[in-house]
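Numbers 470 to 731, taken from the numbering used here, label the letters of the sequence shown in order.
Here a beta-carbon is modelled for each residue, glycine too, at the ideal position from N, C-alpha and C.
Values in this document were obtained by computation on a predicted structure and should not be read as measured data.
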Amino acid sequence: MNKLAALIDFTPTCEVTLSYLSLLAKKLGTATVLINIEEESSNKEEVESKLEVYGQKVREQNLKCDTHVEIGDFNSIIDPTLQLLAPQLVVTGTHGIKGLKQTLFGAHILKLAQEISIPLLVVQDESKVNEMGIEKMLFSMGPHENFEPTIDYVASLAKDLNSQVVIYTIIKSSQDLSDALTHNNNYAKRVFEAVGVPFEHVIEESQDFSLGFSRQTIHYMEKNPFDMVVMPADASEMYRAFSKTDKENLILNTQAVPVLCV
470 MNKLAALIDF TPTCEVTLSY LSLLAKKLGT ATVLINIEEE SSNKEEVESK
520 LEVYGQKVRE QNLKCDTHVE IGDFNSIIDP TLQLLAPQLV VTGTHGIKGL
570 KQTLFGAHIL KLAQEISIPL LVVQDESKVN EMGIEKMLFS MGPHENFEPT
620 IDYVASLAKD LNSQVVIYTI IKSSQDLSDA LTHNNNYAKR VFEAVGVPFE
670 HVIEESQDFS LGFSRQTIHY MEKNPFDMVV MPADASEMYR AFSKTDKENL
720 ILNTQAVPVL CV
């Protein structure tokens, strides 16, 4: 990686966003860029001045930081802007289901993660930075097709961050390891072993399949602390019916563990 980005909306959550951006940039040795997109009625120079204050906070930590402001419709501009700036990971804060910026980062955070072409790390107001780094990741595995590039990305990130990974798989019954899920589990273990990432594979039977998987995953997180959760941004065909609510619940997990949507 050579560049990380953060979406800044001038709310208090941005302080948490900056903390995680700075932590990752230090651990990965990358440059950073702060992005703000405002409505057509906004004064661009005023917005640039406000964003520069945040940029200076990052630079004070001996990190390279640029700022970038766009004026227009957020949903139309965000992906082209990210393509132009070309970061390998984007950090943003979510305000849950409340707040003035709900349409940007709250109720629609999953939609944003699915629409942009770059992995999105979502932090909450209560997310606590581990100054030692991202020591332990939970990788929520699913039966997605063509999932190898995502696994490769996670393996590379975990190696660069010196993270331990728990590959976490929930199945409906002991007979429910589909071909796709088996392939993804085995591929992940091979890749992690090949690049030297320490890992553990945990398989649990679903306690209540009708409710999806997020509740059980969050319960596992309560018993086993993590610095980051990794989940597929898109739904698998097998679980598309309840995937949206399930993923939103995980993003807004009660432990406020940051969630990387890939």
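Run of the beta strand (DSSP E) containing residue i, from where it starts to where it stops
| i | result |
| --- | --- |
| L520 | Per DSSP, L520 belongs to no beta strand (DSSP E); it is in the alpha helix (DSSP H), K513 to R528. |
| F661 | Counting along the chain, F661 falls outside any beta strand (DSSP E), though it belongs to the alpha helix (DSSP H) covering D648 to V664. |
| T499 | Careful: T499 lies outside any beta strand (DSSP E) and carries neither H nor E. |
| T536 | C534 to I540 |
| M697 | M697 to M700 |
| A475 | K472 to L476 |
| T466 | With the chain running from 470 to 731 in the structure shown, residue 466 is simply not present. |
| V726 | That residue, V726, is in no beta strand (DSSP E); it is neither H nor E in DSSP. |
| Q633 | Q633 to I640 |
| L721 | Careful: L721 lies outside any beta strand (DSSP E) and carries neither H nor E. |
| E669 | F668 to E674 |
| V592 | L589 to V592 |
Host alpha helix (DSSP H) of residue i (start-end)
| i | result |
| --- | --- |
| F543 | F543 to L554 |
| M601 | Counting along the chain, M601 falls outside any alpha helix (DSSP H), and DSSP gives it neither H nor E. |
| S586 | Premise fails: S586 is in no alpha helix (DSSP H) and is neither H nor E. |
| H688 | S683 to K692 |
| V623 | E617 to L630 |
Of the listed residues the options, nearest to residue i (C-alpha basis)
| i | options | result |
| --- | --- | --- |
| M606 | T486, P549, V699 and A657 | V699 |
| N693 | A702, N505, S712 and V671 | V671 |
| I547 | K658, A474 and D629 | A474 |
| D629 | K495, Y489, V485 and V527 | K495 |
| M690 | L551, A663 and A725 | A725 |
| V538 | E669, P549 and P618 | P549 |
| S510 | V527, E529, I540 and K533 | I540 |
| S632 | G611, L646, I585 and M601 | M601 |
| I603 | K533, A627 and V527 | A627 |
Own chain partners of residue i with C-beta closer than 6 angstroms, once the 5 adjacent residues on each side are dropped
| i | result |
| --- | --- |
| L492 | V598 |
| L497 | M470 and D629 |
Pairwise C-alpha distance: residue j and residue i
| i | j | result |
| --- | --- | --- |
| A582 | L729 | 9 angstroms |
| F661 | E515 | 46 angstroms |
| Q525 | D648 | 50 angstroms |
| V559 | T638 | 26 angstroms |
| D715 | P556 | 27 angstroms |
| T561 | L589 | 7 angstroms |
| V635 | G665 | 14 angstroms |
| E717 | A702 | 10 angstroms |
| F695 | S675 | 21 angstroms |
| D535 | N505 | 12 angstroms |
| A663 | D542 | 44 angstroms |
| A500 | E521 | 16 angstroms |
| E508 | E529 | 29 angstroms |
| P667 | T723 | 27 angstroms |
Beta-carbon contacts of residue i that lie in its chain and below 8 angstroms, excluding the five residues immediately before and after
| i | result |
| --- | --- |
| L719 | S609, S683, T686, I687, V698, M700 and V728 |
| S545 | none |
| K472 | T499, A500, T501, V502, L554, A555, P556 and Q557 |
| P481 | D594 |
Own chain, CB closer than 7 angstroms to residue i, minus 5 neighbours either side, in chain order
| i | result |
| --- | --- |
| Y523 | I477, C483, L487 and L503 |
| I578 | T563, V591 and I720 |
| V731 | P588, T619, Y622, V623, V699, P701 and A702 |
| F479 | K519 |
| E617 | Y656 |
Report task. Could you tell me whether the segment 619-634 touches the segment 589-597, where touching means 3 or more Cβ pairs closer than 8 angstroms? Result -> Segments in contact, no.
Query raised in the report: Is it true that the segment 651-661 meets the segment 517-533, where meeting means three or more beta-carbon pairs spaced less than 8 angstroms apart?
Result: Not touching, per the Cβ criterion.
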